[in-house]
Amino acid sequence: MFAMDMEDGCQLDLGTTDDFKSFRFLGQTSNEDIRNGVLFPEKVNGVYLRMDRPNKARHSGGPTSGSTIWLSGSDNLIDWHPIAPLIQGRFHYWDEFVGSGPPPVKTREGWLHVYHGVAGHFGSSNIYQGGVILLDLDDPSKVLGRSRCNILEPREAWELSGQVPNVTFPSGMIVESFDEEGFATTDSEVKIYYGAADTSVGLLITTIQELLDAAMEGEIPLIVIFI
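Residue numbers (numbering that gives the first Met the number 0): 0 to 226.
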């Protein structure tokens, strides 16, 4: 699944390849301005699932974007219907705007998913970062956990400066070890490849357990100030 910028906005489309040199186009899978379509690696309860991000919000001084990741379902990979919103951007935090990253990974604790967040409240630029959520195995519309803090942010010179500055955008994820039933093992090394300033490719090395710990560290506490 991939995004195509069209005259009337971005559309999600589907294709197949055997060698990543040539592709067979299968069709358009959306009818609205939408991005970040990410397929689950297997059917859940007999249904194809994906996460997507309708473009219904706008960065300060920037393009139309989105502040909600949705779970969608399909019987044929072409015709999709929304199921439920998963997470929304958090006001004045590191993930005011959100969108999916690499496809989710099946663990015994749930579907582990790395997403990107954008801090858009700074006057000078938007800052793209990475976080993690955990979804229920049998009902992925249920969010079991979400990282309070980011797991990835631009700090190096080649992340801060480039075609689009201040970007660390998680895009690919390789899990090294699975058990006999297809679940990622908690001690497995995980390689997360990310775009840096839309100019370079970076590599973050972590483990499934570290990502699970981040997802379950708890939501942001509500602080009320009385004056």
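C-beta: ideal position from N, C-alpha, C; glycine also.
Our two residues, GLY171 and HIS112, have alpha carbons roughly 11 Å apart in a direct line.
By the C-beta density criterion, GLU6 is exposed, having fewer than 16 other C-beta atoms within 10 angstroms.
Beta bridge pairing from DSSP links TYR47 with SER73.
Using a C-beta cut-off of 8 Å, the segment 118-128 makes no contact with the segment 37-51, since fewer than three inter-stretch Cβ pairs fall below that distance. For ASP4, the enclosing beta strand (DSSP E) stretches over residues 1-5.
The segment 142-162 makes no contact with the segment 76-84; the number of CB pairs closer than 8 Å stays below 3. Only buried fits VAL37, as 16 or more other CB atoms lie within 10 angstroms of its CB. Contact between ALA195 and PRO164 is ruled out by a C-beta separation of about 10 Å, above the 8 Å threshold. Shown here, GLU158 sits in a helix according to DSSP, grouped into three states.
GLY109 has its alpha-carbon roughly 5 Å from the corresponding atom of ASP135. Remark: fewer than three beta-carbon pairs, one from each stretch, lie closer than 8 Å, so the segment 81-89 and the segment 6-19 are not flagged as touching. When secondary structure is reduced to three states using DSSP, ILE150 falls in the coil class, being assigned neither helix nor strand.
With fewer than 16 other CB atoms across the displayed protein chains lying within 10 angstroms of its CB, ASP186 is exposed. Within the same chain, and ignoring the five residues on either side of SER140 in sequence, the residues whose Cβ sits closer than 6 Å to its Cβ are LEU70, ILE82, ALA83. Taking C-beta atoms as the reference points, TYR47 and GLY26 fail to come closer than 8 Å. Take the alpha-carbon of ASP32 and the one of ASP51: they are about 11 Å apart. In terms of Cα proximity to ASP138, the closest of LYS55, ALA183, LYS105, SER99 is LYS105.
Going by C-alpha positions, MET0 is about 10 Å away from ARG49.
Looking only at GLY129, LEU203, ALA118, the smallest Cα-Cα distance to SER99 is reached by GLY129.
Here ILE204 is exposed: its Cβ has fewer than 16 other Cβ atoms, across all protein chains shown, within 10 Å. If only uninterrupted beta strand (DSSP E) runs of at least 3 residues are considered, those enclosed by the segment 127-212 are 142-145, 167-174, 188-195, 199-206. Listed in chain order, the non-local C-beta contacts of LEU202 below 8 Å within the same chain comprise LYS190, ILE191, TYR192, TYR193, local neighbours out to five positions each way being set aside.
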